[in-house]
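>
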Amino acid sequence: MKINVNNADMRMTVGNVKQLPRETRPQIALSGRSNVGKSSLINTLLGRKSLARVSSAPGKTVTINFYDVDKKLYLVDLPGYGYAKRSKESKKVWSSLTEDYFLKNPSPDAIKLVVQLIDIRVGPTDDDVMMINFLIGADVPFAVVATKTDKLSPAQKSAALEKLEREYFAGTGIDIIPFSSVTRDGKEVLWNRITDAIS
Ligand SMILES: Nc1nc2c(ncn2[C@@H]2O[C@H](COP(=O)(O)OP(=O)(O)OP(=O)(O)O)[C@@H](O)[C@H]2O)c(=O)[nH]1
Ligand SMILES: [Mg+2]
11 MKINVNNADM
21 RMTVGNVKQL
31 PRETRPQIAL
41 SGRSNVGKSS
51 LINTLLGRKS
61 LARVSSAPGK
71 TVTINFYDVD
81 KKLYLVDLPG
91 YGYAKRSKES
101 KKVWSSLTED
111 YFLKNPSPDA
121 IKLVVQLIDI
131 RVGPTDDDVM
141 MINFLIGADV
151 PFAVVATKTD
161 KLSPAQKSAA
171 LEKLEREYFA
181 GTGIDIIPFS
191 SVTRDGKEVL
201 WNRITDAIS
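In structure tokens:
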């Protein structure tokens, strides 16, 4: 599929499950803790500086923002989790809006792929593991993007990827895509994964 990434705009901001679009257009959703780089990744994929608002303070994006790409797909910027204070007993770390996006979406079949971001230097946090288990339980296809690779040397990057694979994803068949919004490392690979998911 040929996608003109220059033909992209911010289409809608959703604060409530009732506002979610009833459309078959494929959706690729970005999930991850606050500050991990979801909005920056959208800008990088679209070759734009600031179409998606990059947080000055973590936890800013509390709505779901839909970016239309060439009328062929939506990139969906989900609220970051893991920032707001919460009680230790609380099992759910992501917002109820995020949960509704997956469980009460009027067009669930339009969700073709979740791009789950983790910081390559930190590895999956407890919250990330919970999110990934939620996605597995909800039967949503996802790929893992290990972001901010620019902060590591090439040797450190290989070691970190190998460790991630070995400790968390061995034998799961889950892709880990190294990525950086600073160097654009992984942009091509991620676009290929996205176009595969929607074709
Ligand atoms: N070095 C480096 N910094 C990055 C990268 N991606 C994002 N950042 C920085 O990390 C901070 C957070 O980035 P955002 O894209 O706003 O993160 P977010 O996941 O959208 O955060 P929330 O909207 O709060 O959920 C910003 O200061 C970015 O400039 C990256 O690949 N490399
Ligand atoms: Mg954001």
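Position one of the sequence shown corresponds to residue 11 (our numbering), numbered consecutively onward.
Yeah, the Cβ is synthetic: ideal placement off N, Cα and C, and Gly gets one too.
Keep in mind it's a predicted model, so treat the numbers as computed, not measured.
#1: Whose C-beta lies closer than 7 Å to the C-beta of Trp-104 among residues of the same chain, with five residues either side of it excluded?
#2: Closest to Asn-115 by CA distance: which of Pro-31, Lys-12, Gly-196 and Ala-153 is it?
#3: Among Leu-83, Val-72 and Glu-172, which residue has its Cα nearest to the Cα of Glu-109?
#4: Does the beta-carbon of Val-79 have 16 or more other beta-carbons within 10 angstroms, so that it is buried, or is it exposed?
#5: Go through its chain and collect everything with a Cβ distance to Asp-160's Cβ below 6 Å, but skip five positions before and after it.
#6: Using the C-alpha atoms, what's the distance from Lys-173 back to Phe-179?
#7: Sorry if obvious, but does the Cβ on Asn-75 come closer than 7 Å to a heavy atom of ligand 1?
#8: Quick one: Cα of Tyr-77 to Cα of Asp-87, how far?
#9: Sort Ile-204, Gly-42, Asn-202 and Tyr-111 by Cα distance to Asp-129 and report the nearest one.
#10: So is the beta-carbon of Gly-90 under 7 Å away from any non-hydrogen atom of ligand 2?
#11: Using 10 angstroms around the beta-carbon of Ile-146, count the other beta-carbons present and answer buried if the total reaches 16, otherwise exposed.
#12: Is Val-125 buried or exposed, if buried means 16 or more other CB atoms sit within 10 Å of its CB?
#13: To the nearest angstrom, report how far apart Val-139 and Lys-81 are at their CA atoms.
#14: For Ile-121 versus Val-154, is the C-beta distance shorter than 8 Å?
#15: For Ala-39, which option in Leu-123, Lys-197 and Ser-50 has the closest C-alpha, if you only look at C-alpha atoms?
#16: For Ile-146, which of helix, strand or coil comes out of DSSP?
#17: Return the residue from the list Leu-51, Val-64, Gly-57 and Ile-74 that minimises the CA-CA distance to Asn-26.
#18: Residues in the same chain with beta-carbon distance under 7 Å from Arg-35, minus the five sequence neighbours each way, listed in chain order, please.
Looking at the atomic coordinates:
#1: Tyr-91 and Met-141
#2: Pro-31
#3: Val-72
#4: buried
#5: Ser-190, Val-192 and Thr-193
#6: 9 Å
#7: no
#8: 8 Å
#9: Gly-42
#10: yes
#11: exposed
#12: buried
#13: 33 Å
#14: no
#15: Leu-123
#16: helix
#17: Ile-74
#18: Leu-83, Tyr-84 and Ala-120
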